[in-house]
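Trainee: Numbering (full-length UniProt numbering), first residue to last: 1 to 256. Just so you know, even glycine gets a beta-carbon here, dropped at the ideal spot from N, CA and C.
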Amino acid sequence: MILGALITDTNLLAFYTIESPKFEGKSWHEFKDRLFEFCLPEDWRADIRRSIVQLKMLPSELFLEFSNRARTLQSLVNFETASFGDFDLAEFIVLGLPHALQVKVQEFQLLKTKPFKFGEFKRRINGFYIDMPRPRTTPSHSSSGPPTQDNGPLSPYLWRLFSYLDSVGKCHYRKTYCGNAAGACPGPPDRNRFHIPPSFSIPPQPTNYVAPRAWPNAQGPSSGKPTSPTAGRPTGRPAGVAGVSNKAPAFDQAGV
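1) Is it the case that the Cβ atoms of Gln74 and Leu55 are separated by a distance below 7 Å?
2) Is it buried or exposed, Ser60, if we count other Cβ atoms within 10 angstroms and call 16 or more buried?
3) Only counting the same chain, and skipping five residues up and downstream in sequence, which positions put a Cβ closer than 6 Å to that of Pro203?
4) Would Thr17 be called buried (16 or more neighbouring beta carbons within 10 Å of its own) or exposed?
5) Could you check where the alpha helix (DSSP H) with Leu76 kicks off and where it finishes?
6) Nearest CA to the CA of Ala214: which residue from His195, Asp166, Pro186?
7) Ignore the nearest five residues each way along the sequence and tell me which others in Val53's own chain have a CB closer than 8 Å to its CB.
8) Could you please give the first and the last residue of the uninterrupted alpha helix (DSSP H) stretch that includes Ala184?
9) Quick check on the burial criterion: 16 or more other C-beta atoms within 10 angstroms. Buried or exposed for His195?
10) With 16 other CB atoms within 10 Å as the buried threshold, where does Val241 fall?
11) Quick one, are the C-beta atoms of Leu161 and Phe128 less than 7 Å apart?
12) Going by C-alpha to C-alpha distance, which of Arg49, Pro197, His172, Gly119 sits closest to Pro212?
13) Is it the case that the Cβ atoms of Phe87 and Phe116 are separated by a distance below 7 Å?
14) Using DSSP with H/G/I as helix, E/B as strand and the rest coil, what is residue 259?
15) Here's a check: name, in chain order, each residue in its chain whose Cβ is nearer than 6 Å to the Cβ of Gly96, leaving out the five neighbours to either side.
16) Assign Ile48 to buried or exposed, taking buried as 16 or more other Cβ atoms, counted over all protein chains shown, within 10 Å of its Cβ.
17) Three-state secondary structure (DSSP) at Gln109?
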């Protein structure tokens with residue numbers, strides 16, 4: 001892991017070209033010590049320690065992911081020489097937590113537990129993290145939702161994507177048939193690459209573009225419930241027949 005993180009390909013190739021022939025028949029420890037000396041920065045442990053000191057939990061990161069990232073850095077610093085303890089690591093983990101979790105750690109005095117056990121410390125904080133309330137967002141107000149109203153011309157890339165999705169009736173947000181109005185799709189968003197056929201001809205972008213409602217399925221917008229009572233049906237002949245049937249009784253009464 002250390003070599004993969006810190007050694008550049010250039011240094012590694014240079015070492016095997018210049019130095020490795022000198023260690024034929026020698027021990028692995030001699031080879032490894034020279035490899036580290038040749039390829040790694042002199043203060044590589046200090047660089048990793050600096051990364052631990054600067055740890056910050058990302059908004060998109062689970063607590064277990066954050067703590068595992070910290071543990072990995074600790075294992076790198078402690079390679080062959082244990083110099084960075086669990087309690088020291090826990091202190092920097094707490095400093096990198098969101099404020100709400102820091103308050104919980106202080107409230108329950110997790111760093112004052114004697115004897116300190118990192119596994120229990122990690123388990124308690126993960127419990128706090130799971131129980132934390134998450135802010136509710138609605139698709140119409142969510143900053144991560146699809147752009148439904150344009151404040152200016154779309155970029156050529158976005159217009160190509162949106163115009164193709166419109167042509168096949170798919171939602172901009174999930175890139176599927178959801179039947180929702182633009183901006184009302186419940187998500188989650190589809191951030192995968194979307195294939196647009198090379199044969200697709202991009203139409204001109206209108207000045208005031210508004211995304212249309214997505215189709216409910218591949219058959220089109222009028223599949224399922226019709227948009228009007230006579231949608232999809234010829235109306236001339238049935239109307240004529242209805243007119244005759246309505247007038248026939250009146251004609252019979254007049255004849256009598």
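Mentor: This is what the structure gives:
1) no
2) exposed
3) Ser163
4) exposed
5) 63-77
6) Asp166
7) Phe92
8) From DSSP, Ala184 is part of no alpha helix (DSSP H); its letter is neither H nor E.
9) exposed
10) Only weak support is given to the placement of Val241: the predicted model assigns it a pLDDT of 39, under 50, and the question is left unresolved by the model.
11) no
12) His172
13) yes
14) The shown model of the chain, from 1 to 256, leaves out residue 259, and the question about it has no answer.
15) Leu55, Lys56, Met57
16) buried
17) coil
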